[in-house]
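Q: This is the structure I have questions about; it appears just below.
Number of protein chains: 4
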Amino acid sequence: MSKLTYEKDITALLVIDPYNDFISEGGKVWDRLKGVAEANQCVLHMSQVLESSRKAGLRVFYALHHRYRPGDYETWKYVAPIQKAAWSRKTFEYGTWGGEIRHEFQPQPGEIVAQEHWCSSGFANTDLDLQLKKHGIHKLIVIGLIAHTCVEATVRYAAELGYEVTVIRDATASYSDEQMHAALDVNIPNYAGSVVTTVEIVESISSLT
Amino acid sequence: MSKLTYEKDITALLVIDPYNDFISEGGKVWDRLKGVAEANQCVLHMSQVLESSRKAGLRVFYALHHRYRPGDYETWKYVAPIQKAAWSRKTFEYGTWGGEIRHEFQPQPGEIVAQEHWCSSGFANTDLDLQLKKHGIHKLIVIGLIAHTCVEATVRYAAELGYEVTVIRDATASYSDEQMHAALDVNIPNYAGSVVTTVEIVESISSLT
Amino acid sequence: MSKLTYEKDITALLVIDPYNDFISEGGKVWDRLKGVAEANQCVLHMSQVLESSRKAGLRVFYALHHRYRPGDYETWKYVAPIQKAAWSRKTFEYGTWGGEIRHEFQPQPGEIVAQEHWCSSGFANTDLDLQLKKHGIHKLIVIGLIAHTCVEATVRYAAELGYEVTVIRDATASYSDEQMHAALDVNIPNYAGSVVTTVEIVESISSLT
Amino acid sequence: MSKLTYEKDITALLVIDPYNDFISEGGKVWDRLKGVAEANQCVLHMSQVLESSRKAGLRVFYALHHRYRPGDYETWKYVAPIQKAAWSRKTFEYGTWGGEIRHEFQPQPGEIVAQEHWCSSGFANTDLDLQLKKHGIHKLIVIGLIAHTCVEATVRYAAELGYEVTVIRDATASYSDEQMHAALDVNIPNYAGSVVTTVEIVESISSLT
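Read top to bottom, the protein sequences are chains A, B, C and D. Heads up: take any position in the first sequence, counting from 1, add 231, and you land on the working numbering. Heads up: take any position in the second sequence, counting from 1, add 231, and you land on the working numbering. Heads up: take any position in the third sequence, counting from 1, add 231, and you land on the working numbering. Heads up: take any position in the fourth sequence, counting from 1, add 231, and you land on the working numbering.
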């Protein structure tokens with residue numbers, strides 16, 4: 232793990248989709264995520280990484296999925312399967328508790344919330360890349376949901392766009408171990424320079440303080 | 232399979248990385264792809280889909296990985312793992328046979344070769360999206376290599392950018408069955424509206440003639 | 232004007248920044264725009280083009296500048312001059328009348344409001360390109376403000392991204408005739424296939440009904 | 232001019248379209264550019280800025296227009312006016328002297344040539360943004376042709392994408408003084424933080440050595 236070195240002024244934490252619908256008891260998708268999320272203590276680990284990032288003075292960005300609103304998809308000629316699912320489930324419905332960020336992960340003043348994305352990548356059709364550049368960021372530490380959809384998509388895009396990426400493997404979750412394996416072991420190691428644990432990243436970040 | 236309908240003027244075939252280094256005996260990566268590629272007759276199926284697309288008058292596009300040239304990466308501050316691999320292996324070296332398109336898949340006059348991509352997505356930092364728009368294309372039929380890297384990346388980007396995608400599951404290959412499974416069964420079905428066989432797509436395309 | 236033909240299903244009206252701060256008496260920027268805007272009856276013409284587009288069943292999209300919020304720019308390392316101006320003037324301040332769309336141009340159900348842009352182009356770092364593709368749009372009719380900044384920037388981007396553009400020269404305004412000339416006569420004709428009057432476009436659109 | 236400070240590791244020179252067709256006697260477009268280009272000693276100044284950048288160790292990037300090849304546009308459904316002009320003139324024809332870079336501006340080893348662009352912006356549908364990020368660049372010094380098309384387009388895109396831009400006003404040219412004025416006085420000052428002379432930039436760059 233000798234490579235886990237970050238320069239404070241070019242490194243940021245990226246928190247993906249910490250919505251109640253995903254990671255809070257009672258959320259629309261929680262029942263499907265619960266098994267994996269609890270097994271790896273996803274929420275606890277996300278909190279620990281966020282807290283240590285804030286303590287170390289790393290800038291924090293949020294990549295959030297589009298919150299469902301009536302009329303979103305009715306006029307689209309082309310709707311991807313994952314968008315059809317979001318449409319039928321009304322995931323992250325605007326104005327509801329499920330579409331709110333879980334309380335531990337509320338953005339604080341000075342933290343940047345990128346525009347909502349329509350599919351899975353936090354970069355696609357949003358201002359995330361712009362906001363990162365405006366703050367001089369080149370390295371991303373990534374936590375959040377869901378490992379094989381939004382997290383993997385955002386990591387792949389980050390690599391395509393030139394960022395250096397670290398993924399925290401026990402600060403994410405999927406519906407199944409198979410999906411976790413596909414994301415964290417098969418695919419993401421091609422695009423993220425490091426895939427590490429919360430213990431490892433917290434130790435590394437803490438040394439920045 | 233009742234949904235496999237394509238309108239000729241808005242549908243295109245997208246051929247990904249049919250380089251000798253990938254799918255020809257003697258290519259730098261062939262030995263690692265050979266097992267899966269031969270098991271599903273990847274090259275034969277790619278040829279069949281290409282031939283039937285041409286017969287039906289579908290427009291054909293090529294998304295090609297950057298061909299290695301000396302000096303490509305030496306000055307980069309941030310290099311993704313998959314780019315480090317391409318760098319050390321000199322995959323698709325410019326001016327060598329391995330960096331040429333396998334003969335069955337030579338672009339013909341009127342077919343569009345997009346600019347070479349640097350990572351895995353045929354869309355990232357290239358003119359592929361522009362070329363598709365300039366030709367009025369909204370639906371893509373995708374074949375080529377490698378299933379869990381360039382193919383999955385290009386399919387994910389296509390969905391993010393608004394395209395409707397069909398992936399041909401036996402006209403692609405990876406290094407292992409596990410990678411094929413991660414790409415074709417776990418991830419791509421979230422982004423491609425259809426994942427079908429060569430027999431199925433050829434039947435559907437042929438009806439366009 | 233024989234070339235002004237539009238196919239209803241691939242053509243849309245794009246309305247740029249019809250904020251009170253720009254085009255309503257009392258708006259923060261109105262005093263600077265007033266001279267040119269009144270001379271060419273900008274607001275009236277914008278209304279006429281919008282009305283005839285709706286009547287003809289053309290889809291309508293809105294490209295809106297970011298509404299100012301405290302904290303927007305304080306942490307940015309790099310701020311363009313036009314962003315510094317927006318910052319100091321607090322143009323389109325969120326939650327104020329100036330940051331609301333002038334009443335004649337309120338989006339109606341089924342019309343698409345793209346994410347807010349940070350500089351001048353309605354396409355940069357937003358979902359405008361995605362929304363246009365999701366609706367199958369290839370041709371844009373452009374009205375709104377300001378001719379040499381947001382309108383020209385959006386038209387240039389539209390051309391770069393593959394769209395065919397028509398600009399309505401008397402349904403826009405700048406601070407000076409010189410700026411109008413730079414935008415409408417010097418630059419935009421390189422990127423927009425047609426630069427026409429409200430009378431001409433209304434006649435053409437009406438024939439679609 | 233107290234603001235002209237550049238940090239070597241985040242600043243680059245961007246040279247736009249130094250093709251023989253533009254700035255060499257006998258080039259296809261030279262006769263139209265000659266008047267303005269000679270009046271402001273455009274080629275001499277471009278050379279001086281390039282030389283001083285190289286001496287100071289600034290990284291150098293090239294944004295080049297697509298070199299014309301037969302078949303480029305025949306199949307496009309939508310062609311912008313400036314693309315129609317390039318098509319009919321066969322500007323920068325591939326394989327001809329006009330499509331070569333003028334000798335003073337030949338890229339040297341370690342300098343980066345971005346993929347060719349199809350319209351006017353060096354960023355649109357190319358890897359320029361990626362290459363700049365891979366090298367950690369945030370500030371651009373811009374020279375080259377043509378002031379009101381490719382230079383202005385690239386400067387506008389650079390600002391939209393988050394870069395800080397300096398334009399050298401006597402190291403560019405247009406067909407007319409009116410176009411120079413539209414670009415350098417009316418539009419670019421909204422997007423480039425500084426618009427300065429060759430003398431000023433060379434002095435500033437030299438202090439970096």
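Note that the Cβ used here is the ideal one computed from N, Cα and C, for glycine as well.
For residue 260 of chain D, name the three-state secondary structure that DSSP assigns.
A: Correct three-state label for residue 260 of chain D: coil.
Q: Taking one C-beta from the region 385–403 of chain A and one from the region 254–262 of chain A each time, how about it: are there three or more such pairs within less than 8 Å?
A: Contact fails: fewer than three Cβ-Cβ distances are below 8 Å.
Q: I'd like the span of the beta strand (DSSP E) that includes residue 323 of chain C, first residue to last.
A: Note, residue 323 of chain C: premise wrong, no beta strand (DSSP E); not H, not E.
Q: Express the C-alpha separation of residue 440 of chain C and residue 287 of chain C in angstroms, rounding to a whole number.
A: Going by the C-alpha atoms only, they are around 5 Å apart.
Q: Is residue 407 of chain A near residue 384 of chain A, with beta carbons less than 8 Å apart?
A: Cβ distance not < 8 Å, so residue 407 of chain A and residue 384 of chain A don't count as in contact.
Q: What residues from the region 350–372 of chain A come within 9 Å of chain C, judged by C-beta to C-beta, listed N to C?
A: Against chain C - using a Cβ distance shorter than 9 Å - the residues of the region 350–372 of chain A are 350, 355, 356, 357, 358, 359, 360, 361, 362, 364, 365, 366, 367.
Q: Measure the alpha-carbon distance for residue 291 of chain A versus residue 277 of chain B and round it to whole angstroms.
A: Approximately 45 Å between the Cα atoms of the pair.
Q: For residue 402 of chain C, which option in C:377, C:313, C:355, C:396 has the closest C-alpha, if you only look at C-alpha atoms?
A: Looking at the Cα atoms, C:377 is the closest of the given residues.
Q: Using a Cβ-Cβ cutoff of 7 Å, what residues of the region 298–320 of chain B are near chain E? List them in chain order.
A: Here the protein chains are A, B, C and D, and chain E is not one of them.
Q: Under 8 Å Cβ to Cβ from residue 347 of chain A, same chain only, skipping five residues before and after it: list those, please.
A: Once the five neighbours on either side are set aside, the close Cβ partners of residue 347 of chain A are 295, 296, 297, 298, 357.
Q: Would you kindly work out how many angstroms separate the C-alpha atoms of residue 189 of chain C and residue 258 of chain C, rounded to a whole number?
A: Past the edges of chain C, shown from 232 to 440, lies residue 189 of chain C, and the structure says nothing about it.
Q: Would you give the residue range spanned by the alpha helix (DSSP H) that residue 365 of chain B belongs to?
A: Its alpha helix (DSSP H) spans residues 359–365.
Q: Going by alpha carbons, who is nearest to residue 245 of chain D out of D:342, D:267, D:405?
A: Nearest C-alpha to residue 245 of chain D: D:342.
Q: List the endpoints of the continuous alpha helix (DSSP H) containing residue 401 of chain D.
A: Taken as a continuous stretch (DSSP letters only), residue 401 of chain D belongs to no alpha helix (DSSP H), being part of the beta strand (DSSP E) at 395–404.
Q: Are the Cβ atoms of residue 236 of chain B and residue 368 of chain B separated by less than 8 Å?
A: Going by C-beta atoms, residue 236 of chain B is not nearer than 8 Å to residue 368 of chain B.
Q: Does residue 395 of chain C pass the burial test, meaning 16 or more other C-beta atoms within 10 Å, or should it be called exposed?
A: Buried, because 16 or more other Cβ atoms sit within 10 Å of the Cβ of residue 395 of chain C.
Q: Which of the three DSSP states is assigned to residue 276 of chain B in this structure?
A: Correct three-state label for residue 276 of chain B: helix.
Q: For residue 353 of chain B, which three-state DSSP category applies?
A: Correct three-state label for residue 353 of chain B: coil.
Q: Please report whether the beta-carbon of residue 239 of chain C lies at a distance below 8 Å from any beta-carbon of chain B.
A: Not closer than 8 Å to any Cβ of chain B, the Cβ of residue 239 of chain C fails to qualify, so no.
Q: Cβ of residue 402 of chain D less than 8 Å from any chain C Cβ?
A: It does not; no Cβ of chain C falls within 8 Å.
Q: When we look at the beta-carbon of residue 410 of chain D and count the other beta-carbons within 10 Å, is it buried (16 or more) or exposed?
A: So residue 410 of chain D ends up on the buried side.
Q: Is the separation between the beta-carbon of residue 398 of chain C and that of residue 430 of chain C shorter than 8 Å?
A: No, they are not a contact pair.
Q: For residue 425 of chain D, which three-state DSSP category applies?
A: Correct three-state label for residue 425 of chain D: strand.
Q: Report yes or no: is there a C-beta of chain C within less than 8 Å of the C-beta of residue 393 of chain B?
A: Output row for residue 393 of chain B: interface = yes.
Q: Please confirm whether residue 304 of chain D and residue 338 of chain D have their CB atoms less than 8 Å apart.
A: Not in contact: residue 304 of chain D and residue 338 of chain D (Cβ atoms no closer than 8 Å).
Q: Secondary structure at residue 442 of chain C, three-state DSSP: helix, strand or coil?
A: Chain C is shown only over 232 to 440; residue 442 of chain C falls outside these bounds and no answer can be derived.
Q: At the level of alpha carbons, what is the spacing between residue 332 of chain C and residue 345 of chain C?
A: For residue 332 of chain C and residue 345 of chain C, the distance between alpha carbons rounds to 14 Å.
Q: What's the gap between the Cα of residue 289 of chain A and the Cα of residue 417 of chain A?
A: Spanning the two alpha carbons is a distance of roughly 29 Å.
Q: When you check each C-beta in the region 333–344 of chain C against every C-beta of chain A, which residues fall closer than 8 Å?
A: Going along the region 333–344 of chain C in chain order, one finds 340, 341, 343 with a Cβ nearer than 8 Å to chain A.
Q: Identify the continuous beta strand (DSSP E) that holds residue 244 of chain D and give its terminal residues.
A: 242–247 is the extent of the beta strand (DSSP E) around residue 244 of chain D.
Q: By Cβ distance, which residues of its chain are closer than 8 Å to residue 239 of chain C, with the 5 residues on each side in sequence left out?
A: These residues qualify, in order along the chain: 287, 288, 289, 439.
Q: Cβ atoms of residue 366 of chain C and residue 315 of chain A: under 8 Å apart, would you say?
A: Contact flag unset, no.
Q: Say whether chain A places a C-beta atom closer than 8 Å to the C-beta of residue 346 of chain C.
A: Answer yes: the Cβ-Cβ gap between residue 346 of chain C and chain A drops below 8 Å somewhere.
Q: Closest by CA to residue 381 of chain A, which one among B:375, B:381, B:373, B:422?
A: Measuring from the Cα of residue 381 of chain A, the nearest candidate turns out to be B:422.
Q: With H, G and I counted as helix, E and B as strand and the rest as coil, what does DSSP make of residue 388 of chain A?
A: Note: residue 388 of chain A maps to helix in three-state DSSP.
Q: Please state whether DSSP places residue 237 of chain A in a helix, a strand or coil.
A: Here residue 237 of chain A sits in coil by DSSP.
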